[in-house]
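*Asks:*
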Amino acid sequence: MSDQLEQIEGVDFAVAMYREDGAWVVRELAHDLLTDVETLTHALHRFPGDGGAIAMAAIDEDFFVIVRVHGQATKVLLSDVTAADEWELAASALDVLGLPLPEEVEDEEEPDPAGDLGILADFGMSAVEMGMLLDDMFEDDLYPDETLSEIARAIGCGEAFDDAVGLMPA
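Convert by adding 127 to the 1-based position in the sequence shown; the result is the number in our numbering.
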């Protein structure tokens, strides 16, 4: 099995989200769009949206990536920089952010997020709230899907998000 196929099979889910006429729309994304941030960004440009389009992807029950495009601007949030050691999507997120790959990842190393914690601030989730949620994710061993569901709730599209990814409401 090729590395790219393994990476694609490791995708738990991926959705595109955008607001149209004030209402959230959530659409499933094909997993092969998650090979790298550039491919994902290109795919997001086809979606309309009052504030751009957002992709949320959970990978291997281990980490998540949020990518937001608005016009020519692209913002990225990676939940765990240590994922870049094994996952091309995470490595490409660090590349887009202009950050180096982690040196050598130890199993007990604490995960750290990278990117724009305020990526969704104009939709109602401040950088401080995002940082606190990521701290909770690591401290309470929350799965990426649970964390992304909380983020979706905070910006007002929790039910549509949960329906799209098959999560049961808490």
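The beta carbon of each residue, even a glycine, is placed where N, CA and C say it ideally should be. Being a predicted model, the structure only gives us computed values, none of them experimental.
Where do the ends of the beta strand (DSSP E) carrying Asp249 lie?
*Replies:* In the sequence shown, counting from the first residue as 1, residue 249 sits at position 122. Run containing Asp249: none; DSSP gives neither H nor E here.
*Asks:* Leaving out five residues before and five after Ser129 in sequence, what residues of the same chain have Cβ atoms less than 6 angstroms from its Cβ?
*Replies:* The residue you call residue 129 lines up with position 2 of the sequence shown. The predicted model places Ser129 with a pLDDT of 47, which falls under 50 and marks its position as unreliable, so this point remains unresolved.
*Asks:* Just the C-alpha distance for Pro175 and Ala141, rounded to the nearest angstrom, thanks.
*Replies:* Locating residue 175 in the sequence shown gives position 48, where the first residue counts as 1. Locating residue 141 in the sequence shown gives position 14, where the first residue counts as 1. Pro175 and Ala141: Cα-Cα distance of roughly 17 angstroms.
*Asks:* Where Ser276 and Asp187 are concerned, what is the direct C-alpha to C-alpha distance, given to the nearest angstrom?
*Replies:* Stepping through the sequence shown from its first residue, residue 276 is reached at position 149. Stepping through the sequence shown from its first residue, residue 187 is reached at position 60. Answer to the nearest angstrom: the Cα atoms are 16 angstroms apart.
*Asks:* What are the partner residues of Asp177, as DSSP defines its beta bridges?
*Replies:* For this step, residue 177 is matched to residue 50 along the sequence shown. Secondary-structure assignment with DSSP links Asp177 through a beta bridge to Gly179.
*Asks:* Using DSSP with H/G/I as helix, E/B as strand and the rest coil, what is Met128?
*Replies:* Along the sequence shown, one-based indexing puts residue 128 at 1. Reliability fails at Met128, whose pLDDT of 34 lies under 50, so the model's placement of it is uncertain and the value that follows must be treated cautiously. Three-state result, Met128: coil.
*Asks:* For Asp272, count the other beta carbons within 10 Å of its own beta carbon; 16 or more makes it buried, fewer makes it exposed. Which is it?
*Replies:* Looking up residue 272 in the sequence shown gives position 145. A residue is called buried when at least 16 other Cβ atoms come within 10 angstroms of its Cβ; Asp272 meets this threshold and is buried.
*Asks:* DSSP has Trp151 in a bridge; who is on the other side?
*Replies:* Residue numbering aside, residue 151 sits at position 24 when the sequence shown is read from its first letter. Paired residue(s): Arg146.
*Asks:* Can you list, in chain order, the residues of its chain with a C-beta nearer than 6 angstroms to that of Ala182? Leave out the 5 residues immediately preceding and following it.
*Replies:* For the purposes of this step, residue 182 is taken as residue 55 along the sequence shown, with counting starting at 1. Contacts found: Ala143, Leu167, Leu171 and Val194.
*Asks:* What does the Cβ neighbour count give for Leu228, buried or exposed, with the cut at 16 atoms within 10 Å?
*Replies:* Taking the sequence shown and counting its residues from 1, the one referred to as residue 228 is at position 101. Exposed.
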